[in-house]
Amino acid sequence: MARLTIEQVSKAYHGTTVLQPLDLDVPDGSFCCMLGSSGSGKSTLLRIVAGLTEPDGGSVHIGDRDVTRLSVERRNIGVVFQNYALFPHLSARSNVAFGLRARGVGRREARRRADEQLELVGLGPHADRAPSQLSGGQQQRVALARALVTSPDLLLLDEPLSALDRKIRGEMQAELKRVHRETGLTTVMVTHDQDEALDLADQVIMLDQGIVAQHGRPAELYESPVSAFVASFLGAFALGTGTVSAGAIEIGGVTLSVPRLALPAGSAAEVLVRSERVLVNGGDGHAGIVRAVDFHGAIARIAIVVGELEVPATVLAQDAADIRVGDAVTVSLVPGSLHIYPSKEAFAGV
Amino acid sequence: MNRHRLLMKAWLGLVLVVLALPILCMIALSFNRSRYGTLPFHFSLDWYRGLAGDTALIDALRTSIELAAEVTVLSVVLGTLLSFGVVRARPVVSGTLSQLQLMVLTVPAIILAAGLLTVFDWFGLGQSTTGLVIASVVTSMPFVVLVVSARLRDLDPRYAEASRTLGAGPMRTFATITAPLVAPAIVAGALLAFVMCFNNFAIQLFTAPIGVSTLPVQIYSMVRLGVTPDVIALGTIIVCCTVAIIVILHLVTGSAARVFIRTNKED
Numbered sequence: 243m244a245r246l247t248i249e250q251v252s253k254a255y256h257g258t259t260v261l262q263p264l265d266l267d268v269p270d271g272s273f274c275c276m277l278g279s280s281g282s283g284k285s286t287l288l289r290i291v292a293g294l295t296e297p298d299g300g301s302v303h304i305g306d307r308d309v310t311r312l313s314v315e316r317r318n319i320g321v322v323f324q325n326y327a328l329f330p331h332l333s334a335r336s337n338v339a340f341g342l343r344a345r346g347v348g349r350r351e352a353r354r355r356a357d358e359q360l361e362l363v364g365l366g367p368h369a370d371r372a373p374s375q376l377s378g379g380q381q382q383r384v385a386l387a388r389a390l391v392t393s394p395d396l397l398l399l400d401e402p403l404s405a406l407d408r409k410i411r412g413e414m415q416a417e418l419k420r421v422h423r424e425t426g427l428t429t430v431m432v433t434h435d436q437d438e439a440l441d442l443a444d445q446v447i448m449l450d451q452g453i454v455a456q457h458g459r460p461a462e463l464y465e466s467p468v469s470a471f472v473a474s475f476l477g478a479f480a481l482g483t484g485t486v487s488a489g490a491i492e493i494g495g496v497t498l499s500v501p502r503l504a505l506p507a508g509s510a511a512e513v514l515v516r517s518e519r520v521l522v523n524g525g526d527g528h529a530g531i532v533r534a535v536d537f538h539g540a541i542a543r544i545a546i547v548v549g550e551l552e553v554p555a556t557v558l559a560q561d562a563a564d565i566r567v568g569d570a571v572t573v574s575l576v577p578g579s580l581h582i583y584p585s586k587e588a589f590a591g592v
Numbered sequence: 267m268n269r270h271r272l273l274m275k276a277w278l279g280l281v282l283v284v285l286a287l288p289i290l291c292m293i294a295l296s297f298n299r300s301r302y303g304t305l306p307f308h309f310s311l312d313w314y315r316g317l318a319g320d321t322a323l324i325d326a327l328r329t330s331i332e333l334a335a336e337v338t339v340l341s342v343v344l345g346t347l348l349s350f351g352v353v354r355a356r357p358v359v360s361g362t363l364s365q366l367q368l369m370v371l372t373v374p375a376i377i378l379a380a381g382l383l384t385v386f387d388w389f390g391l392g393q394s395t396t397g398l399v400i401a402s403v404v405t406s407m408p409f410v411v412l413v414v415s416a417r418l419r420d421l422d423p424r425y426a427e428a429s430r431t432l433g434a435g436p437m438r439t440f441a442t443i444t445a446p447l448v449a450p451a452i453v454a455g456a457l458l459a460f461v462m463c464f465n466n467f468a469i470q471l472f473t474a475p476i477g478v479s480t481l482p483v484q485i486y487s488m489v490r491l492g493v494t495p496d497v498i499a500l501g502t503i504i505v506c507c508t509v510a511i512i513v514i515l516h517l518v519t520g521s522a523a524r525v526f527i528r529t530n531k532e533d
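Encoded structure:
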């Protein structure tokens, strides 16, 4: 167990910058998610921490050790790869025992500890199977057991859930939480799925084209994203560009009241809305017409035309049961439902 | 529909007969008493008995097997190392290398042999055992590189990376992960190299030292006076050995053909 510190780490491939100089501090026992789309540099950062990619500059510390120039095998880390990279010619047990054998543990002892670890992840009966004889979820458990059995200082997860179907993904998410709770291992996970990141992590690093767009607790990122990019990545819908007036913003022929807006009157601003905070028929609000209702099991998504805007609302399915396309409804935007940022075009114009 | 199927079967039968007929005839003739391959067929093992006493042919066989064994070992070691280099090299280097190898495979062996002999003469090797081995490695190694580098290219680099993250150094990673995963290709490459070297008549005719005859060269010199049944008997033995190798491979790997094709579909 150890704290992970990254200082001014940067990386470019053939002149293309993948990571701008970047600082990061993951406290001991923390679960940190690096969130971003493909090409954001999140996987490169993970590979640098693992030692699989050499940074162009900067340093990486695990605990008190400067590991920047240390080869992979000496870093004492556990890595779960995206497609698990289980050794196809070895049984599940030998896969798990591999790291112990590499550390000089005797054959019998390694076997015993591997079996123990497999038992922990519920795969005791399958220890003799080859990876190809295991399901995706089981492979993922073997990969996790293999990464944990050597008692690493740091656990690195590279999109570990992306290859699984939805139901198993939920189970594995719970499994990762359990493992983190029980081992207290400092964990860094790379993902492009904001729900996964918000659910698992106690801190999230949002990366955008090699730059940290925002870094904080999941709730911070969710409640107060610092940019339109972060807001939309975390599920907010862009309404468009509006004009700021005193305590309100005009957009698409609708005046949305926004108390405590810190932008100068008359300036242009990008407006995003959180659909789950939009109330439908919940009191005072703007009049609108329902354009579409889509049910997604427990919840329903409703598109409502207000003025020239199309406002999305996410409500519990039972609350949408009486709402039909073409109905006249009221739409209330409760505090916290809007994210407003100075428009980039407006800056360009100044 | 049925007629089509019948036609297909007839065609398949014809192809098999054309492919197998020479070999089957050879096997049959080796057990025939007649020296000139005439009928009626009288079973006899005379030619096999005679073969045991034919020292020239036996010596040539031994020479060929020794040569092929040496060349196979050299080709596998050098070819496997080269494959690792080729896979990691910049495209300019690996591209040039694979073009060169393709040239070795496509240029008629006799022209290659003449060229090699010229070069050996410059270096004072001439027709020597060293020259013969070098020339054979040059023509056999490309098969090893072809098969092994294809397999290496297919191999997910994450296996080796995973091994490193688990604490295994580069040597241990190679020995316990990379080598076993590439082994089927190395075995296939070795077999190909052996067969190619064993067969390479033109190279052996040109570069072998005076007085040393490999089996193809020896057979050639005998056949100039007509195909004799003792050559046919030897041919039959070689065919049987080849079949035995394929059967053993099949038993060991589950499918002999699979050894020669990419087998990297683990996941």
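Each protein sequence line maps, in turn, to chains A and B. Residue 283 in our numbering is what sits at position 41 of the first sequence, and the numbering runs on without skipping anything. Residue 286 in our numbering is what sits at position 20 of the second sequence, and the numbering runs on without skipping anything. From the three backbone atoms N, C-alpha and C, an ideal C-beta is built for every residue, glycine too.
Could you tell me the distance, in whole angstroms, from the CA atom of residue i to the CA atom of residue j?
| i | j | result |
| --- | --- | --- |
| Glu438 of chain A | Leu481 of chain A | 25 Å |
| Val448 of chain B | Leu580 of chain A | 57 Å |
| Ile565 of chain A | Leu558 of chain A | 12 Å |
| Gly316 of chain B | Leu383 of chain B | 36 Å |
| Ala590 of chain A | Ala510 of chain A | Its pLDDT being 37, under 50, Ala590 of chain A is placed unreliably in this model, and the value from its coordinates should be taken loosely. Rounded to whole angstroms, Ala590 of chain A to Ala510 of chain A spans 11 Å at the Cα level. |
| Asp407 of chain A | Thr442 of chain B | 32 Å |
| Ala334 of chain B | Arg354 of chain A | 46 Å |
| Leu449 of chain A | Leu277 of chain A | 6 Å |
| Thr540 of chain B | Val489 of chain B | Here chain B covers residues 267 to 533 and nothing more, so residue 540 of chain B does not appear. |
| Thr269 of chain B | Asn298 of chain B | First, the residue type needs correcting, since residue 269 of chain B is Arg and not Thr in the sequence shown. Distance between the alpha carbons of Arg269 of chain B and Asn298 of chain B is about 40 Å. |
| Ile248 of chain A | Leu264 of chain A | 7 Å |
| Val592 of chain A | Leu312 of chain A | Only weak support is given to the placement of Val592 of chain A: the predicted model assigns it a pLDDT of 33, under 50, and the question is left unresolved by the model. |
| Gly525 of chain A | Thr572 of chain A | 7 Å |
| Thr258 of chain A | Leu471 of chain B | 56 Å |
| Ala451 of chain B | Arg345 of chain A | 30 Å |
| Leu432 of chain B | Tyr464 of chain A | 36 Å |
| Gly452 of chain A | Asn523 of chain A | 43 Å |
For a contact defined as C-beta to C-beta under 7 Å, what are the partners of residue i on chain B?
| i | result |
| --- | --- |
| Val314 of chain A | Arg430 and Thr431 |
| Ala292 of chain A | Thr431 |
| Gly341 of chain A | Leu432 and Gly433 |
Please state whether DSSP places residue i in a helix, a strand or coil.
| i | result |
| --- | --- |
| Glu249 of chain A | strand |
| Thr321 of chain B | helix |
| Gly494 of chain A | coil |
| Ile331 of chain B | helix |
| Leu500 of chain B | helix |
| Glu462 of chain A | helix |
| Ala455 of chain A | strand |
| Leu427 of chain A | coil |
| Ala416 of chain B | helix |
| His256 of chain A | coil |
| His516 of chain B | helix |
| His422 of chain A | helix |
For residue i, which of the options has the nearest alpha-carbon?
| i | options | result |
| --- | --- | --- |
| Lys253 of chain A | A:Thr286, A:Val468 and A:Ala244 | A:Thr286 |
| Ser296 of chain B | B:Thr321, B:Pro423 and B:Ile503 | B:Ile503 |
| Ser585 of chain A | A:Ala488, A:Leu514, A:Gln451 and A:Val547 | A:Leu514 |
| Pro554 of chain A | A:Gly527, A:Val520 and A:Val496 | A:Val520 |
| Tyr258 of chain B | B:Leu305, B:Phe307 and B:Ile324 | Because chain B here runs from 267 to 533, residue 258 of chain B falls outside it and cannot be looked at. |
| Gly300 of chain A | A:Met276, A:Gln324 and A:Leu266 | A:Leu266 |
| Gly320 of chain A | A:Tyr583, A:Ala488, A:Leu418 and A:Gly341 | A:Gly341 |
| Pro460 of chain A | A:Thr259, A:Arg353 and A:Ser272 | A:Ser272 |
| Ser402 of chain B | B:Leu311, B:Gly351, B:Ile289 and B:Val342 | B:Val342 |
| Asp435 of chain A | A:Thr429, A:Phe475, A:Phe471 and A:Gly458 | A:Phe475 |
| Asp387 of chain B | B:Phe350, B:Pro482 and B:Thr473 | B:Thr473 |
| Leu390 of chain A | A:Gln415, A:Gly525, A:Glu401 and A:Glu424 | A:Glu424 |
| Ile582 of chain A | A:Ile453, A:Ala545, A:Leu396 and A:Phe471 | A:Phe471 |
| Met414 of chain A | A:Gln381, A:Ala455 and A:Leu397 | A:Gln381 |
For residue i, return the contacting residues in chain B, with the cut-off set at a CB-CB distance below 9 Å.
| i | result |
| --- | --- |
| Thr392 of chain A | Leu432 and Gly433 |
Which chain A residues are close to residue i, counting only those with a beta carbon under 7 Å from its beta carbon?
| i | result |
| --- | --- |
| Ile535 of chain B | This structure gives no information on residue 535 of chain B, because the portion of chain B shown stretches from 267 to 533. |
| Arg438 of chain B | Ala344 |
What residues from chain B crowd round residue i, counting only those whose CB sits closer than 8 Å?
| i | result |
| --- | --- |
| Arg345 of chain A | Gly433 |
| Ile319 of chain A | Thr431 |
Tell me where the alpha helix (DSSP H) around residue i begins and ends.
| i | result |
| --- | --- |
| Glu620 of chain A | Outside the shown range of chain A (243 to 592) lies residue 620 of chain A, about which nothing can therefore be said. |
| Leu290 of chain B | Asn268 to Ser296 |
| Tyr486 of chain B | Leu481 to Val489 |
| Thr483 of chain A | Premise fails: Thr483 of chain A lies in the beta strand (DSSP E), Phe479 to Ser487, not in any alpha helix (DSSP H). |
Considering just the uninterrupted stretch of the beta strand (DSSP E) at residue i, what are its terminal residues?
| i | result |
| --- | --- |
| Ser429 of chain B | No beta strand (DSSP E) holds Ser429 of chain B; the alpha helix (DSSP H) holding it covers Pro423 to Thr431. |
| Leu368 of chain B | It is not in any beta strand (DSSP E) - Leu368 of chain B instead sits in the alpha helix (DSSP H) that spans Pro357 to Thr372. |
I want to verify the contact list: residues of chain A whose CB lies under 9 Å from the CB of residue i, in sequence order.
| i | result |
| --- | --- |
| Leu447 of chain B | Phe329, Pro330 and His331 |
| Glu427 of chain B | Arg289, Ala292, Leu294, Val314, Val321, Phe323 and Ala327 |
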